[in-house]
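Right, here's the structure in full:
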């Protein structure tokens with residue numbers, strides 16, 4: 185038997201199994217941190233290190249959890265895509281503050297994009313009249 189096939193048979197490339205409570209706690213930690221700071225790109229790495237799990241595994245779990253949440257929301261007639269559409273009664277004050285800050289930044293970005301489009305419209309409409 186070759187050395188690479190021995191490594192595979194010894195489980196070097198096999199999928200690790202994690203306890204369900206570890207998965208749910210890690211997903212909850214990611215959700216909490218995303219609410220506190222939605223722009224933080226280190227959340228997955230930090231939570232993976234904290235729970236001693238693979239970062240990619242965590243990303244896949246969260247992706248599946250988010251998809252499942254959207255499916256449940258769509259069956260109930262609502263959408264869970266945007267943070268503002270989630271029920272606010274389950275959020276702490278700090279989470280609400282983070283969400284408000286995130287939404288304000290989003291509004292500023294959309295207003296800036298709208299201003300650019302308005303200017304472009306003026307430029308192109310004036311050129312069209314010539």
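Residue numbers (our numbering): 185 to 314.
Glycine is no exception: its CB is placed at the ideal position from the N, C-alpha and C atoms.
Everything numeric in this text was worked out from a predicted model, so none of it was measured.
Check: Short Cβ contact (7 Å threshold) for residue 207 with residue 245; Outcome: yes
Check: For residue 243 and residue 232, the rounded distance between their alpha carbons; Outcome: 9 Å
Check: Inter-residue spacing [alpha-carbon to alpha-carbon] between residue 251 and residue 257; Outcome: 10 Å
Check: Residue 302 versus residue 238 - alpha carbon distance; Outcome: 47 Å
Check: 4-residue-minimum alpha helix (DSSP H) runs that sit fully inside the stretch 207-261, ordered along the chain; Outcome: 227-235 and 239-259
Check: Helix, strand or coil at residue 322 according to DSSP, with G and I counted as helix; Outcome: Given that the chain is displayed from residue 185 to residue 314, the structure contains no residue 322 and the question cannot be resolved.
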